[in-house]
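The structure appears right after this line, and notes come after that.
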Amino acid sequence: MSLFHLEDIYPGWDGLAEGIEYFRHRIAQPLSAGRTAHWQAWDWTTNQYTDTRSTEPADIIIFEGVGSSSAAVRPLLHAAVWVSAPADLRREQALARDGDTYAPHWERWADQEQAWAAEDPAASRADIRVDREHASGAPATAAGYVLRALGELALPLAATWPGAGAPAEAVRVERLDTWANPEQLYAELFGGSARAVWLDSSSASAASAGTSGAGHVAARSRFSIMADDGGPRGRYAEHRRGTGRETTGVTTVVAGPVSVSRQGSFFPWLDTVWGQPRADVPADYPCGFALGWLGFLGYGLKRETGGADTPAAPGPPADAAPDAALIFAGRAVVLDHDERCVYVLTLADSANGATDIGDDADDADDADDGDDDGGDRHWVAAVRRSVEAAADSPPDSSSEEPPCPAPEFTVRDSRDSYLANVRSAQAEISDGNSYEVCLTTSLTAQLDEPLAGADILALYRRLRRRSPAPFASLLRFEGYSLAGTSPERFLSFDAAGHMRAEPIKGTRPRGSTPAEDRELEADLVSSLKDRAENIMIVDLLRNDLSHFAVPGSVTVPRLCAVESYATVHQLVSTVDARLLQGASRAEAVAAAFPPGSMTGAPKISTMAILDRLEGAPRGAYSGVVGWFSLTGAADLSVVIRTLEIRNGSLSLGVGGAVTADSDPQAEWEEVRAKAFGVLSALGAKFPE
Numbered sequence: 006m007s008l009f010h011l012e013d014i015y016p017g018w019d020g021l022a023e024g025i026e027y028f029r030h031r032i033a034q035p036l037s038a039g040r041t042a043h044w045q046a047w048d049w050t051t052n053q054y055t056d057t058r059s060t061e062p063a064d065i066i067i068f069e070g071v072g073s074s075s076a077a078v079r080p081l082l083h084a085a086v087w088v089s090a091p092a093d094l095r096r097e098q099a100l101a102r103d104g105d106t107y108a109p110h111w112e113r114w115a116d117q118e119q120a121w122a123a124e125d126p127a128a129s130r131a132d133i134r135v136d137r138e139h140a141s142g143a144p145a146t147a148a149g150y151v152l153r154a155l156g157e158l159a160l161p162l163a164a165t166w167p168g169a170g171a172p173a174e175a176v177r178v179e180r181l182d183t184w185a186n187p188e189q190l191y192a193e194l195f196g197g198s199a200r201a202v203w204l205d206s207s208s209a210s211a212a213s214a215g216t217s218g219a220g221h222v223a224a225r226s227r228f229s230i231m232a233d234d235g236g237p238r239g240r241y242a243e244h245r246r247g248t249g250r251e252t253t254g255v256t257t258v259v260a261g262p263v264s265v266s267r268q269g270s271f272f273p274w275l276d277t278v279w280g281q282p283r284a285d286v287p288a289d290y291p292c293g294f295a296l297g298w299l300g301f302l303g304y305g306l307k308r309e310t311g312g313a314d315t316p317a318a319p320g321p322p323a324d325a326a327p328d329a330a331l332i333f334a335g336r337a338v339v340l341d342h343d344e345r346c347v348y349v350l351t352l353a354d355s356a357n358g359a360t361d362i363g364d365d366a367d368d369a370d371d372a373d374d375g376d377d378d379g380g381d382r383h384w385v386a387a388v389r390r391s392v393e394a395a396a397d398s399p400p401d402s403s404s405e406e407p408p409c410p411a412p413e414f415t416v417r418d419s420r421d422s423y424l425a426n427v428r429s430a431q432a433e434i435s436d437g438n439s440y441e442v443c444l445t446t447s448l449t450a451q452l453d454e455p456l457a458g459a460d461i462l463a464l465y466r467r468l469r470r471r472s473p474a475p476f477a478s479l480l481r482f483e484g485y486s487l488a489g490t491s492p493e494r495f496l497s498f499d500a501a502g503h504m505r506a507e508p509i510k511g512t513r514p515r516g517s518t519p520a521e522d523r524e525l526e527a528d529l530v531s532s533l534k535d536r537a538e539n540i541m542i543v544d545l546l547r548n549d550l551s552h553f554a555v556p557g558s559v560t561v562p563r564l565c566a567v568e569s570y571a572t573v574h575q576l577v578s579t580v581d582a583r584l585l586q587g588a589s590r591a592e593a594v595a596a597a598f599p600p601g602s603m604t605g606a607p608k609i610s611t612m613a614i615l616d617r618l619e620g621a622p623r624g625a626y627s628g629v630v631g632w633f634s635l636t637g638a639a640d641l642s643v644v645i646r647t648l649e650i651r652n653g654s655l656s657l658g659v660g661g662a663v664t665a666d667s668d669p670q671a672e673w674e675e676v677r678a679k680a681f682g683v684l685s686a687l688g689a690k691f692p693e
């Protein structure tokens with residue numbers, strides 16, 4: 006490995022542009038071709054070039070200095086790192102390094118840098134960015150983040166830093182035999198986090214209360230997971246559509262002060278960080294999630310799985326939501342609703358092995374030696390205190406009130422235009438282009454001002470109480486949040502490779518009296534149209550799972566069963582399969598994405614029909630929310646009954662499946678019924 010400083014060749018205090026060109030021609034070009042670079046050093050005292058020197062090729066060469074990743078040089082580099090810092094910090098450090106020699110020339114040099122950066126935006130092209138303004142800790146810590154980021158790019162330099170590659174593989178688990186109020190526990194531990202995920206089995210209590218399908222709902226409602234991207238191993242990743250030549254998109258991963266961007270499709274990246282099991286977990290830990298990635302994959306990722314790239318929503322690109330957003334949780338809290346206990350998870354060095362449940366972590370008063378484990382010890386102690394504080398905490402009655410004045414929603418499609426789209430979908434079915442079209446629309450509302458974090462939490466608390474569901478969730482990212490009460494599982498994996506999908510098709514509202522409720526449920530059960538909807542999606546999912554399943558392992562143990570929730574009755578089926586040995590789990594997810602219950606069948610041709618009829622991107626709606634564990638397990642739900650909260654606006658996607666036998670007016674009433682649970686939690690009404 007060798008290091009080259011561009012300050013050795015800049016020709017004087019006004020020579021930035023000339024120095025960059027000298028660097029490209031005399032240094033970068035020969036070294037990138039494997040030849041020795043011969044160059045002259047600049048003497049800053051005599052202001053002239055002096056002796057001739059040489060730099061030999063090496064496995065790894067680091068170029069350091071302004072212009073080292075200029076547009077002319079960038080094609081010769083494997084990775085570019087850009088360090089940004091406030092002007093006063095840059096000046097302070099430059100003068101501390103060069104002293105009196107640099108002081109009289111600082112402004113003239115800084116002006117050249119500013120002019121060059123404005124004309125050649127190397128920062129926006131950088132693979133890795135370091136934000137010194139928000140960095141903390143010693144420089145070696147930032148260097149460690151950079152080298153881990155190089156690991157994200159699969160470059161060999163990452164291997165030179167201890168622990169710079171894949172995250173630790175052993176999971177520590179501590180069980181706390183104290184039950185905590187989930188709402189208060191989340192608020193205390195993660196309410197102040199800039200990015201946090203709460204995968205909330207809010208229907209856990211209702212699942213055992215004798216409702217229809219209670220056994221299956223209870224099985225899906227056992228665990229809730231809370232985490233953020235804090236701690237020494239926390240990371241945040243988002244994927245956005247490409248611009249210009251970046252047709253496949255860009256995935257950006259942020260860790261501490263460092264962010265790394267890589268061009269390419271999303272699912273291959275997911276395969277690199279999740280595709281193979283890589284964690285040891287105590288045998289008596291019951292939950293499938295053992296740290297890993299949590300977040301959402303939006304419907305727009307269909308462009309990677311056979312669908313077209315939907316045009317972006319109007320407005321500045323910076324205001325657009327990402328196509329996918331995930332946090333990597335190196336520590337998390339898992340609530341077991343059956344056992345009424347709390348598990349605290351942290352990562353350990355793989356050499357130390359997994360810690361058995363019941364082992365106490367070191368006390369918070371122990372000296373923090375600055376390593377990862379020291380920080381986690383303090384965090385575990387803080388969790389213990391928060392669990393005790395939230396133990397059997399009474400409900401907060403303030404969440405019974407809407408967190409803001411009832412918003413006024415508008416609907417993208419009027420009743421007449423939606424009915425016209427239903428008839429157009431039926432014409433496509435009649436022409437043989439589809440069997441079933443899952444047509445959607447959206448409701449939007451503008452708020453007087455963006456919701457603060459506490460307001461978003463208050464909104465979600467009200468939503469989870471009004472419409473409890475096994476896959477409720479609150480995802481908060483900077484400037485963008487999702488708050489939902491989804492009842493539908495998209496796809497799950499266990500560590501051994503067993504796959505399960507549980508599509509929902511067929512919906513009725515709950516009745517206002519017990520007799521009316523039973524009548525509506527009976528009507529759903531006897532409906533040939535609703536049963537046909539469900540069976541067509543089951544057949545689609547059998548095909549989706551078969552691409553990476555052991556032949557003969559795809560089964561349907563449950564078909565068109567009724568599950569009842571606070572606001573609706575629904576028909577639910579179960580499709581099981583066994584993953585082929587050695588198959589990519591991420592590719593298996595991609596083969597089934599987006600959820601067939603949100604497209605119709607056959608999937609690819611029907612998505613094209615939907616693009617024409619809907620004429621707008623769906624965003625996160627119709628995508629999936631959930632977790633990808635280091636064990637190779639995963640559990641993903643369909644993004645329905647979910648509010649998107651962004652820049653002072655609210656959006657709610659709703660829709661239903663259209664078949665040849667659909668009554669257009671009944672389809673419109675189904676849209677209204679599905680919106681009711683979320684709208685009522687806000688004190689809002691469906692627009693007339």
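Going by the working numbering, the letters in the sequence shown line up with residues 6 to 693, in that order.
Here a beta-carbon is modelled for each residue, glycine too, at the ideal position from N, C-alpha and C.
Quick one, which of the options has its alpha-carbon nearest residue i's?
i      : options                        : result
Ala284 : Asp276, Trp384, Arg177         : Arg177
Leu194 : Leu585, Asn52, Met231, Ala457  : Met231
Met612 : Phe633, Leu564, Cys443, Pro473 : Cys443
Ala337 : Asp668, Arg238, Phe691         : Arg238
Pro62  : Phe9, Leu94, Glu23, Ser478     : Phe9
Arg523 : Phe476, Val567, Ser491         : Val567
Asp535 : Thr106, Glu441, Ala99          : Glu441
Arg227 : Leu204, Trp47, Ala501          : Leu204
Glu649 : Ala76, Asp56, Leu479, Tyr348   : Leu479
Ile67  : Ser266, Arg137, Leu155         : Leu155
Identify whether residue i lies in helix, strand or coil by the three-state DSSP scheme.
i      : result
Trp44  : strand
Leu456 : coil
Gly682 : helix
Val555 : coil
Pro508 : coil
Ile66  : strand
Ser435 : helix
Phe195 : helix
Leu496 : strand
Thr572 : coil
Arg180 : strand
Ile14  : coil
Ser667 : coil
Glu538 : helix
Taking DSSP's pairing of strands, which residues face residue i in a bridge?
i      : result
Leu340 : Ser229, Val347
Asp125 : Answer is none; Asp125 lacks a bridge partner.
Gly631 : Gly300, Leu641
Trp203 : Met231, Leu479
Trp87  : Arg134
Arg563 : Thr579
Glu243 : Thr257, Ala330
Ala394 : The partner list for Ala394 (beta bridge, DSSP) is empty, contrary to what the question assumes.
Ser514 : What sits at residue 514 in the sequence shown is Pro, not Ser. DSSP, once it has assigned bridges, lists Val573 as partnering Pro514.
Checking 8 Å against the spacing of the C-beta atoms, do residue i and residue j come in under that value?
i      : j      : result
Glu309 : Phe272 : yes
Leu275 : Leu350 : no
Arg345 : Trp184 : yes
Tyr150 : Val278 : no
Val644 : Ser472 : no
Pro35  : Ala46  : no
Gly653 : Leu584 : no
Gly631 : Pro282 : no
Whose C-beta lies closer than 8 Å to the C-beta of residue i among residues of the same chain, with five residues either side of it excluded?
i      : result
Leu424 : Pro669, Gln670, Glu672, Trp673
Ala128 : Trp87, Ser89, Ala122, Arg134
Arg79  : Ala85, Ala127, Arg130
I'd like the list of long-range same chain contacts for residue i, defined as Cβ closer than 6 Å, with 5 residues on each side in sequence excluded.
i      : result
Glu12  : Gly70
Leu564 : Ser578
Glu118 : Val71
Arg517 : Correcting the residue type first, residue 517 is Ser in the shown sequence and not Arg. Result list for Ser517: empty, nothing under 6 Å.
Suppose the cutoff is 7 Å on Cβ atoms and the five residues either side in sequence are ignored; what does the same chain contact list for residue i look like?
i      : result
Leu331 : Ala242, Trp298, Leu299, Gly300
Trp384 : Gly236, Arg336
Arg245 : Gly254, Val255, Pro327, Asp328
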